[in-house]
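**Q** What follows is a single structure, and I will ask about it in a moment.
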Amino acid sequence: MRALTRFVVVVLLLVWAAPVAHGVEDEEFVYLLPDSADRYRPVLQQDGRQRVLANRASITPPAMSPDGSRVAFSGAVGDESLGRFALYVVKSNGSGLSRLTDGSHGEYDPSWSPDGTRIVAAQNQTGRLSGNCCRLVVVNASNGNLSALTSAVGVARPEFSAKGSYLVYDNPAGVWRIPPSGGTPTMLAAGGFDATTGPGEGAVAFVFRNGTRHEIRRVGANGGSQTVLYETSGQIENLEWRGNRIYFTESTGLGYDGRGNVTLRSVHQAGRRFKIERAFSGRVVGASLAYGNDEIFFYRDDGLFRYYQIGSNGEVGAPISAGNGYTTGWSSINAIDLDGDGYDEMFFYRRDGLFRYYNIRSNGSLPMPMSAGNGYTRGWDTITALDLDADGQDEIFFYRDDGLFRFYHISAAGVLPSPLLAGDTYSQNWDVVVGLDVEADGQDEMLFYRQSDGVYRIYDVRNNGTLGPPIEGGKLTTDWSTIAAIDLDGDGQDELLFYQSDGRFQYRDVGTNGALGVVILSGTGYTPGWSTITSVNLGPG
Numbered sequence: 116m117r118a119l120t121r122f123v124v125v126v127l128l129l130v131w132a133a134p135v136a137h138g139v140e141d142e143e144f145v146y147l148l149p150d151s152a153d154r155y156r157p158v159l160q161q162d163g164r165q166r167v168l169a170n171r172a173s174i175t176p177p178a179m180s181p182d183g184s185r186v187a188f189s190g191a192v193g194d195e196s197l198g199r200f201a202l203y204v205v206k207s208n209g210s211g212l213s214r215l216t217d218g219s220h221g222e223y224d225p226s227w228s229p230d231g232t233r234i235v236a237a238q239n240q241t242g243r244l245s246g247n248c249c250r251l252v253v254v255n256a257s258n259g260n261l262s263a264l265t266s267a268v269g270v271a272r273p274e275f276s277a278k279g280s281y282l283v284y285d286n287p288a289g290v291w292r293i294p295p296s297g298g299t300p301t302m303l304a305a306g307g308f309d310a311t312t313g314p315g316e317g318a319v320a321f322v323f324r325n326g327t328r329h330e331i332r333r334v335g336a337n338g339g340s341q342t343v344l345y346e347t348s349g350q351i352e353n354l355e356w357r358g359n360r361i362y363f364t365e366s367t368g369l370g371y372d373g374r375g376n377v378t379l380r381s382v383h384q385a386g387r388r389f390k391i392e393r394a395f396s397g398r399v400v401g402a403s404l405a406y407g408n409d410e411i412f413f414y415r416d417d418g419l420f421r422y423y424q425i426g427s428n429g430e431v432g433a434p435i436s437a438g439n440g441y442t443t444g445w446s447s448i449n450a451i452d453l454d455g456d457g458y459d460e461m462f463f464y465r466r467d468g469l470f471r472y473y474n475i476r477s478n479g480s481l482p483m484p485m486s487a488g489n490g491y492t493r494g495w496d497t498i499t500a501l502d503l504d505a506d507g508q509d510e511i512f513f514y515r516d517d518g519l520f521r522f523y524h525i526s527a528a529g530v531l532p533s534p535l536l537a538g539d540t541y542s543q544n545w546d547v548v549v550g551l552d553v554e555a556d557g558q559d560e561m562l563f564y565r566q567s568d569g570v571y572r573i574y575d576v577r578n579n580g581t582l583g584p585p586i587e588g589g590k591l592t593t594d595w596s597t598i599a600a601i602d603l604d605g606d607g608q609d610e611l612l613f614y615q616s617d618g619r620f621q622y623r624d625v626g627t628n629g630a631l632g633v634v635i636l637s638g639t640g641y642t643p644g645w646s647t648i649t650s651v652n653l654g655p656g
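No gaps in the numbering here: position 392 of the sequence shown is 507 in the numbering used here, and each next residue is one more.
Written out as structure tokens, the structure is:
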């Protein structure tokens, strides 16, 4: 799913600059935080600082809108001792607080639709928070108009599926799915709770109590056999499936006042390599990442570089990290996840066989190489990282203009074994080869592009590296110097960035069948002269 890089080789000069500091503390989180009176309030943490979004007692985890502009939460109407809680929406800068529902019975557990126009919630109809107290409601996020899905009873923790085609929720019997317009619910997992859906909507993850332990399990979107992905003696809450990883909070103790040792963690969708993303001091409730998209990296032959956080609309702000001291002369730079932990490493290659692997920090700075040498095969024109088997750990593909190619299962230390697949039968003179995930299933496809005539092909790739027939193809304009795959919205499905060295650019959506969709953003304002552009995951999400 990473971008091709190809440019002219120049003399190698090992010079470094200190990038601007930026770390995990700069990630954005939303959660509930108690004040001095032990009232829990919605909070956004950004750039290491906490911003109280509303001075209002709240209950159940808050939810960030898909575009990051608003937060929905269940807040007290009047004195919280009255037990009335309504849905509120506030801008992420803390302004524009508005109440969506009247809270006559109580609305809880808000979750946004993928397009940000609706909020699903559990509505209390009995005045009690036990038994079959709650029904499923879908609320218009602009005017508060409410539709009740009355066939769903005892509802808690509802959520829209990744593309909005169905809802999941739990009740005392287990995890269920239902169309967003209502209908007959389908049970997916008896005894499960706190469900979240995979990016392609084909699977659901949920929590299951197994004796004294808690497990994260995965099941198909129509039910069936279950796979245990993670287990612990602690408490698990707030599952969020983003890309190929499932994020959740783990804590000790029970109840708002009893939670301790709260950490935000993640586990790969295949159950590999869980990671502690963030440890919270004090008591917090419902901690979740505000964003989950990739960052983007720009490099110029003279060593100039930039790292940017990129918005879901393709817009970039001030650089996360920047400098002019990266080593010069690399013919390829690729972000690659060597160990399947969800964070990328960086691979640098020169056409004379020199290479470096770096365990890149979340601020974009590079420590000493984790692996380095000059023994790689010479003369590769194109290198790209891609995940062939959806295990979260990338493979690597080498290509030469005369059709020679190699696929490798690369080790976590950057060591190449014998090729997984090799030959000299690929078509010649492709200028761009990009791994990208068009189906949001964690297994990458491959895009080939030729600059001379604009011809492109997108292929499904089997886990042994063999190509099936093209799933999409045609002609593009002939002047794109770089094409990069980047997940703009954190849904696990890549978009494409087209870039020309004069600064022209275009972001385009890609369908699950590989068809190029609408232009998300285009312009002429990007800095000219970048020789390498690649997406990179520097931190959580």
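Glycine included, each C-beta is placed from N, C-alpha and C at the ideal position.
Please read these numbers as outputs of a predicted model, since none were measured by experiment.
Kindly provide the ranges of any beta strand (DSSP E) runs that are 3 or more residues long and lie completely inside the stretch 253-281, ordered along the chain.
**A** Runs of the beta strand (DSSP E) inside the stretch 253-281: 261-268, 271-275.
**Q** Grab me the residues of residue 563's own chain with a C-beta within less than 6 angstroms of its C-beta, minus the 5 sequence neighbours each way, in chain order.
**A** The answer, listed in chain order, is 545, 548, 572.
**Q** Go to residue 187, then tell me how far its beta strand (DSSP E) extends in each direction, as first and last residue.
**A** Segment 185-191, the beta strand (DSSP E) holding residue 187.
**Q** Report the three-state DSSP secondary structure of residue 248 (helix, strand or coil).
**A** In the structure shown, residue 248 sits in coil (DSSP, three-state: anything other than H, G, I, E or B).
**Q** Three or more beta-carbon pairs under 8 angstroms between the stretch 521-532 and the stretch 367-385, yes or no?
**A** They do not touch, by the three-pair rule.
**Q** Is the CB-CB distance between residue 475 and residue 458 below 9 angstroms?
**A** Yes. Within cutoff.
**Q** Leaving out five residues on either side along the sequence, give the residues of the same chain with a beta carbon under 8 angstroms from the beta carbon of residue 299.
**A** Same-chain partners within the cutoff: 266, 293.
**Q** Looking at the structure shown, is residue 141 part of a helix, part of a strand, or coil, going by DSSP?
**A** Any answer about residue 141 is weak, because its pLDDT of 46 lies below 50 and its placement is not dependable; what the coordinates show is given next. Looking at residue 141 - three-state DSSP - the assignment turns out to be helix.
**Q** Apart from the five residues just before and just after residue 366, which ones in its own chain have a Cβ nearer than 7 angstroms to its Cβ?
**A** If we look at residue 366 and ignore the five residues flanking it on each side, its Cβ neighbours are 349, 350, 374, 375, 376, 377.
**Q** If you measure between the beta carbons of residue 445 and residue 473, is that distance less than 9 angstroms?
**A** No, the Cβ-Cβ distance between residue 445 and residue 473 is not below 9 angstroms.
**Q** Can you tell me whether residue 602 is buried or exposed? The criterion is at least 16 other CB atoms within 10 Å of its CB, across all chains shown.
**A** Looking at its Cβ environment, which holds 16 or more other Cβ atoms inside 10 Å, residue 602 is buried.
**Q** Using DSSP bridges, identify the partner residues of residue 587.
**A** The partner list for residue 587 (beta bridge, DSSP) reads 573.
**Q** Taking only the alpha-carbon atoms, compute the straight-line gap between residue 288 and residue 227 and give it to the nearest angstrom.
**A** Approximately 24 angstroms, taken between the alpha carbons.
**Q** Do three or more CB pairs link the stretch 178-192 to the stretch 152-169 at distances below 8 angstroms?
**A** Verdict: yes, contact present.
**Q** In three-state terms, what does DSSP make of residue 373?
**A** Note: residue 373 maps to coil in three-state DSSP.
**Q** Look up residue 530 in the DSSP assignment and say whether it is helix, strand or coil.
**A** Of the three classes helix, strand and coil, the one that applies to residue 530 here is coil, per DSSP.
**Q** May I ask which residues mark the beginning and end of the beta strand (DSSP E) holding residue 645?
**A** Where residue 645 is concerned, there is no enclosing beta strand (DSSP E), given that its DSSP letter is neither H nor E.
**Q** Going by the DSSP bridge assignment, what does residue 440 pair with across the sheet?
**A** Answer by DSSP bridge pairing: none, since residue 440 is not bridged.
**Q** Under a Cβ-count criterion, where at least 16 other Cβ atoms within 10 Å of its own Cβ denotes burial, should residue 177 be classed as buried or exposed?
**A** Flag for residue 177 reads buried.
**Q** For residue 174, which residues does DSSP report across the bridge?
**A** According to DSSP, residue 174 bridges with 189.
**Q** Rounded to a whole number of angstroms, what is the C-alpha to C-alpha distance between residue 219 and residue 347?
**A** Roughly 38 angstroms separates the two Cα atoms.
**Q** If you drop the 5 nearest sequence neighbours on each side, which residues of the same chain put their C-beta closer than 6 angstroms to that of residue 483?
**A** None.
**Q** Where residue 613 and residue 428 are concerned, what is the direct C-alpha to C-alpha distance, given to the nearest angstrom?
**A** Their Cα atoms are separated by approximately 14 angstroms.
**Q** Who are the near neighbours of residue 307 in its chain, counting only those whose CB is closer than 6 angstroms to its CB and skipping five residues on each side?
**A** Correct list, in chain order: 289, 290, 321, 323.
**Q** Would you call residue 216 buried or exposed, if buried means 16 or more other Cβ atoms sit within 10 Å of its Cβ?
**A** Buried, since its Cβ has 16 or more Cβ neighbours within 10 Å.
**Q** Is the Cβ-Cβ distance between residue 556 and residue 600 less than 9 angstroms?
**A** Cβ distance not < 9 angstroms, so residue 556 and residue 600 don't count as in contact.
**Q** If you measure between the beta carbons of residue 336 and residue 282, is that distance less than 9 angstroms?
**A** Not closer than 9 angstroms, so no.
**Q** Buried or exposed: where does residue 560 fall if 16 or more other Cβ atoms within 10 Å of its Cβ makes it buried?
**A** It counts as buried.
**Q** Whose C-alpha, out of 492, 511, 344, is nearest the C-alpha of residue 525?
**A** Here the closest residue by C-alpha is 511.
**Q** In its own chain, which residues sit with a C-beta less than 6 angstroms from the C-beta of residue 462, not counting the 5 before and 5 after it?
**A** The answer, listed in chain order, is 449, 451, 472.
**Q** Near residue 264, what residues of its chain come up, given a Cβ to Cβ distance below 6 angstroms and the 5 sequence neighbours on each side ignored?
**A** Here the set comprises 251, 297.
**Q** Can you name, in chain order, every residue of its own chain whose Cβ lies under 8 angstroms from the Cβ of residue 632, other than the five neighbours on each side?
**A** Excluding residues within five positions, the ones whose Cβ falls inside 8 angstroms are 623, 624, 625, 626.
**Q** State the DSSP-derived secondary structure class of residue 384, mapped to helix, strand or coil.
**A** Three-state result, residue 384: coil.
**Q** Taking the C-alpha atoms as reference points, what is the distance between residue 139 and residue 249?
**A** The pLDDT assigned to residue 139 is 38, lower than 50, so where the model puts this residue is not dependable; a value taken from the coordinates is nonetheless given after this. In a straight line, the C-alpha of residue 139 is about 38 angstroms away from that of residue 249.
**Q** Given that a residue counts as buried once 16 or more other Cβ atoms are within 10 Å of its Cβ, and exposed if not, what is residue 639?
**A** With fewer than 16 other Cβ atoms within 10 Å, it is exposed.
**Q** Whole angstroms are fine: how far does the CA of residue 174 sit from the CA of residue 605?
**A** Straight-line Cα distance between these residues: approximately 26 angstroms.
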